[in-house]
Every structure is written in C-alpha cells, then in structure tokens.
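Chemist:
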Amino acid sequence: MVVRFAPSPTGPLHIGGVRTALYNYLLARKHGGRFILRIEDTDQTRFVPGAEEYIIEALTWCGIEFDEGPHIGGPHAPYRQSERKALYAQYAHLLVERGWAYYAFDTESELEEMRQRFEAAGMVAPQYNAVTRPYMKNSLTLPPEEVQERLRTQPYVVRFLVPRGREVRFYDEIRGWVSVHTKEMDDKVLLKSDGMPTYHLANVVDDHLMRVTHVIRGEEWLPSTPLHVLLYEAFGWERPKFAHLPLLLRPDGGGKLSKRDGDQLGFPVFPLQWRDPQTGETSEGYRERGFLPEGVVNYLALLGWHPAEEREIFTIDELIEAFSLERVSKAGARFDFEKARWVNQQHLRALPLRRLAELIRPLWESRRLPPVPENSLMALIELARERATLLPEIIEAVRFYYEPPTFPLPDQQGAKLNLALVEELPEWIGELVELEPWTAEDVERFIRRKAEARGLPIGKVLPTLRLALTGDVSGPSLYKIMEVLGRGETITRLERFLAAYGVQRQV
RNA sequence: GCCCCGUUCGUCUAGCCCGGUCUAGGACACCUCUCUUUCAAGGAGGAAACAGGGGUUCGAAUCCCCUACGGGGUACCA
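When you line the first sequence up against our numbering, it's residues 3 to 509, in that order.
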C-alpha cells in the first residue's frame, strides 16, 4: 500500500487537513505501506512562504511521519510539483497526440465573452464543453497551420477532451459506486498557459509515477474524480483505489470548517500557531492552547471514524491497530470543541508524570514563575492534573504555590473565615512545628485530631485553613497542599495570616 | 440553476451492506443524586434521535422511490 498527503502550501494546514493526513498515515502504518508527502505548489500566485515548513512541523508535532517527501527525499524525488514542471508538459502533449486533449488559445476576456453570450441564450453556467467548444479558438476549430502558428507565438493551455455519451463509474471505498455522465463534465484545463499543470493533471501523473495505490482525500474532490478516472484511462494506467473523506463542518452549521474561521469561533483551527507573513496576524494553535498531540490526534480520528469497540481513548499506536476505511462514515462531521477538550483530558491523566513535567517546566519558565525543584514540580503536577483539561490549567491550579495569599482577604473570602479557629491557631502552629514526619497523612491526622478535640467541625476548619494558606476556597486537597508547601512555608503563611487576623479578634 | 454526496439524541456516533435480537446502544455536553473541606475527578441515575411521505414485506432505522433539508462541486485554486 502506498498513500500520500498532498497539500498545497497556501497557508497553515488546518485540522481538517491534519485529519486527512492522519487517516492516510494510520492506514500506511497498519498495512506496512509507504506514506508520501507531496507538495502541490502549482499555483504560483497562491504560494505562501513558510507554509511547507509549517505543514511538516505541525504533522511532526502530531506524531505523523512520512517515509518520503521534500524534507527527507526518496525514490520519486522531487516531491514539489513546481520542481517537476517539465514532466507534466510532456504528459499533456502526449494526451494531445492521442486525441484525449487539445490546445486552446482563448484569452480570459474571450472566455468571459463566451459565458455572457451563452448566458444570454439561457444557459445557466456555461462551460467549456461539447456545446461551446466549437465556438472557441482551439486546435479542434482552427486550421492546422494557424494552430501551429499560434503554438509558436502565443500562450496556450491544454484542455482535456471529454468523450461524449459515456457514464463514468468508479468505486469509492467509503461511498460505494459513484457515477457521472460525461455530458455533465467540462473540458478542464490540464496545462496552464504558464506551463504549470493544474491539480488534475499533476495529481494523476504523480500518483501514477509514485505508485500510489490508495487516494484518500477530502470529499471536495469527489466531483472531479470522474475526470481523474478518465485521465487514468487516457494514459492507459491502472487507477488507484479512491476514498473520499467526509468534511469537517463548522459547529454552528454554516458550511465546512475553513482556514478563515480562525479563532473567531473560540477555538483554534490550526495545530500550531501561525503568523501570517502578509498581514502579521497570528492565529493560535492547539499546541499553544495546551493540547497534547495525543489528544488532538485521538479526537480528530474520532471525527468521521468509529472504532469497532466502544472505547474512545486511543494512543496513536492503538489507532494504527484499530483503524479501517470501512468504519469511516459518509456524512460530514461537526467539530465539537468540548469533546476535544474531554479527549485531551483523558490523555493528560494517562501521561507519565515525567513526560508531563517535561511539558510543564518550559511553560513554568516562560511565565517567569519562581524556580521550583523537580520533586516539588512533580508533586504539584500530581495534585493538579486531575482537575486539568489543558496543560496551562495545571499551572493555574497550583497558583497557591508561587503566589502566596495577601491579607487581609477580600471581604467576600474573609466572611468565610471561622473565627473560633483563628483563636486556636497559635497553639496549633506550636504543635505543627514539632509534627513529625510532615506528610499529607500526618497533617491530616493532626488536623482531625485537633478539630475533634476542640469540637470544631472539620467543614469549618478546612476552609479557613485553605483561605489562610492559599487565599482561595477551592482547589486540591489541603493536606497535600501543606505537604508540598512544606512545614516552613506552611507555618510562615499561617503566621502571616494570624498577624492580619489575630488583631481583629481582640476588637 | 445544474451535477455529485449525504441525512439516527444539541454534538460525535453504534446499528443499516446480510430486514425481526432496537421498548434504537455508547460518548461529549446538560440535569439529579452520591462521594468530598472545596473545586474538579469518580460512582449511580435521568432527559434526549431513526428528516417527511409513499411503496416492498407477516415484519423496515435497516431494501426501493419521491420530497425536503444539509454539504460539496461547478476557475488557466487546490
């Protein structure tokens, strides 16, 4: 099996593209096949610098790796279509020789004129086809000498000559049989006047030359597949299997998820941050939002595919094992950011502590938070990961560690203090100094014992202590907080708290 | 407009190919209860869907047709 991902470098890859790449990758790995990256940069006007690098970096971050491509080479190099330009022209001319294509000389304004003329005659969207072709300037209508003359002196395109009266049928691995009559097809340009091929020609030629066995791409290509099928026939090549993936739709129902939707939808549509070189505008990526690549890949896999079992959480290796084209659905899938978050949360919890620490430390440092020793960091992560969905939430959940409370507390919080406990506190502190050892379990035992002895309900004690130590009423286990804070810091904070509130008691 | 593809809970979907086992299953989100010092997480439960209409059949979510709706395509863009 040979599959390929063939993006055009017109901007950042959006998550729909990531999913297409992912499905190709999963299949290649599952069947021990090859996975090719081919850059379809045949539209020079839409080329965006940095886009190719972005695509590779984004897929690498996702754990999607290629066997061949412009960045690693391979037996079918080059892998950028712009570098294969001459090749396509040869094949285009070959089709003309065989009578499957012809030269056309119509200018842009002549094409426009034709459209208007036929529209005036009642046609809805006039195309370059059997009906209009005879009225145009091409090698089928012009005398041979004039054609030769024009070929020497003028720009021209090569158009496909759609055969008449045929039903083109092909089997789509996801949709089943699809058939289109050639009367619905138009004479698509194969070779543009700048000598570059269009998608259709380049794609078919390269897929054949690169021995691609399965063309797995977005549904937007379904309507042009009959043309591709005819091209394989015209060249006399065996055609690959086709599979057209359902599209990723906007959550609000207005069409397919597009690059332009950007973060105005409230969630990223790109895997990585992207800075538009033209406008300087920056779009956030999943990585920057704090998603794990495992989470993104897992959620994306689920959008349009369903495993045979009811499990939903998969590592990429498990996806390779479980994935199959037969279980890909036909209908477009609406993107659900909430579920993406949930899937990410599942992976966050499953990640080894060490790896999490490696991810959190750079975040910690980039926020210029006070230095934290490795063992404390791990302890903090352990505390926070249960209540986090995205990476940065871990850091926010341990705010108490790097940001001690300031006293007096805001009125709203201060109102929740239990003053009876405040009175007891000096004595407690005295005993805490001696508490040995200082673990969450010991601290808990101590607090419970003291509270009981004084007849203070634990439900009153803990919130007060929590406010004194963290300034907040909610968060991770207070005993564990005291453990990571350590005896020294805990007592310091309690004393500072007392200094602020001990006075009030006298009043 | 025309062509192609699609349509099961709000969302992702199972079931459909090979009609009865479907009083339609799971997951996210939502609601209730529970656990808990708190917030989460966890546990238990709940509400929630076969687009509509015709056929075929003893029987249809499943097969056929029509309609509606959604999406895609209709460029010298991919």
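Glycine included, each C-beta is placed from N, C-alpha and C at the ideal position. The model shown is predicted, which means the values in this text are computed figures rather than measured ones.
Which residue's Cα is closest to the Cα of serine 479: Leu251, Pro364, Ala381, Glu221?
Modeler: Per the Cα distances, Ala381.
Chemist: Helix, strand or coil for glutamate 497 per DSSP?
Modeler: Glutamate 497: helix per DSSP, three-state reduction.
Chemist: For a quick check, are the C-beta atoms of valine 435 and proline 273 less than 8 Å apart?
Modeler: For valine 435 and proline 273, no; Cβs fall outside 8 Å.
Chemist: Alpha helix (DSSP H) containing tryptophan 179: first to last residue?
Modeler: Looking at the DSSP string, tryptophan 179 is not in any alpha helix (DSSP H); the run it does join, the beta strand (DSSP E), is 178-183.
Chemist: Return the CA-CA distance between leucine 211 and cysteine 64, expressed in angstroms with no decimal places.
Modeler: Looking at the two C-alpha atoms, the distance is approximately 28 Å.
Chemist: Contact check, tyrosine 90 vs leucine 247 under 8 Å by CB: the rounded distance?
Modeler: Wrong, their Cβ atoms sit about 26 Å apart, outside the cutoff.
Chemist: What do you get for arginine 6, buried or exposed, if any count of 16 or more other CB atoms within 10 angstroms of its CB means buried?
Modeler: Under this definition arginine 6 is a buried residue.
Chemist: Please look up how many angstroms separate the CB atoms of leucine 392 and asparagine 420, rounded, as I've assumed it's under 8 Å.
Modeler: Between asparagine 420 and leucine 392 the Cβ distance is about 34 Å, and since that is not below 8 Å, they are no contact.
Chemist: Sorted by chain position, which residues of the same chain lie with C-beta nearer than 7 Å to leucine 153's C-beta, five sequence neighbours on each side aside?
Modeler: Cβ within range, chain order: Tyr105.
Chemist: Give the DSSP-derived three-state secondary structure of phenylalanine 244 in the structure shown.
Modeler: Here phenylalanine 244 sits in strand by DSSP.
Chemist: Quick one: Cα of leucine 15 to Cα of tyrosine 130, how far?
Modeler: Rounded to the nearest angstrom, the two C-alpha atoms are 32 Å apart.
Chemist: Tell me aspartate 174's beta-bridge partners as DSSP assigns them.
Modeler: Partner(s): Gly178, Phe244.
Chemist: Could you spell out the range, first to last residue, of the beta strand (DSSP E) harbouring alanine 106?
Modeler: Taken as a continuous stretch (DSSP letters only), the beta strand (DSSP E) holding alanine 106 covers 103-106.
Chemist: Does the separation of the CB atoms of leucine 427 and leucine 500 fall below 8 Å?
Modeler: Yes, these two residues count as a Cβ contact at 8 Å.
Chemist: Taking all protein chains shown into account, decide if histidine 78 is buried (16 or more other Cβ within 10 angstroms of its Cβ) or exposed.
Modeler: Answer is buried; the Cβ neighbour count reaches 16.
Chemist: Pick helix, strand or coil for serine 111, following the three-state DSSP scheme.
Modeler: If DSSP states are grouped into helix, strand and coil, serine 111 belongs with the helices.
Chemist: Give the secondary structure of leucine 193 by DSSP, where H, G and I count as helix, E and B as strand, and everything else as coil.
Modeler: It is a strand residue.
Chemist: How would you call valine 159, buried or exposed, if buried means at least 16 neighbouring beta carbons within 10 angstroms?
Modeler: Flag for valine 159 reads buried.
Chemist: In whole angstroms, what separates the C-alpha of valine 424 from that of valine 299?
Modeler: If you take the alpha carbons of valine 424 and valine 299, they lie about 51 Å apart.
Chemist: Leaving out the 5 sequence neighbours to the left and right, which residues in its chain are closer than 7 Å to valine 182 when beta-carbon positions are compared?
Modeler: Contacts found: Val170, Pro228.
Chemist: Within a Cβ cutoff of 7 Å, which residues of the same chain sit near valine 231, ignoring the five residues on either side of it in sequence?
Modeler: Contacts found: Val170, Phe172, Arg241.
Chemist: Could you check the C-alpha separation between alanine 177 and threonine 109 for me, to the nearest Å?
Modeler: Contrary to the premise, residue 177 reads as arginine rather than alanine in this sequence. Computed Cα separation, rounded: 39 Å.
Chemist: Does serine 326 pass the burial test, meaning 16 or more other C-beta atoms within 10 Å, or should it be called exposed?
Modeler: Answer is exposed; the Cβ neighbour count stays below 16.
Chemist: With a CB to CB cut of under 8 Å and the five nearest residues on each side skipped, what residues in its chain are close to valine 509?
Modeler: Per-residue confidence for valine 509 stands at a pLDDT of 39, beneath the threshold of 50, marking its modelled position as unreliable; the derived number appears in the next sentence. Excluding sequence neighbours, valine 509 sits near nothing in its chain.
Chemist: In terms of alpha-carbon separation, which member of Glu85, Leu353, Ala352, Lys418 lies closest to lysine 462?
Modeler: Measuring from the Cα of lysine 462, the nearest candidate turns out to be Lys418.
Chemist: Report the rounded CA-to-CA distance for phenylalanine 237 versus threonine 184, giving the unit in angstroms.
Modeler: Each residue's alpha carbon lies about 18 Å from the other.
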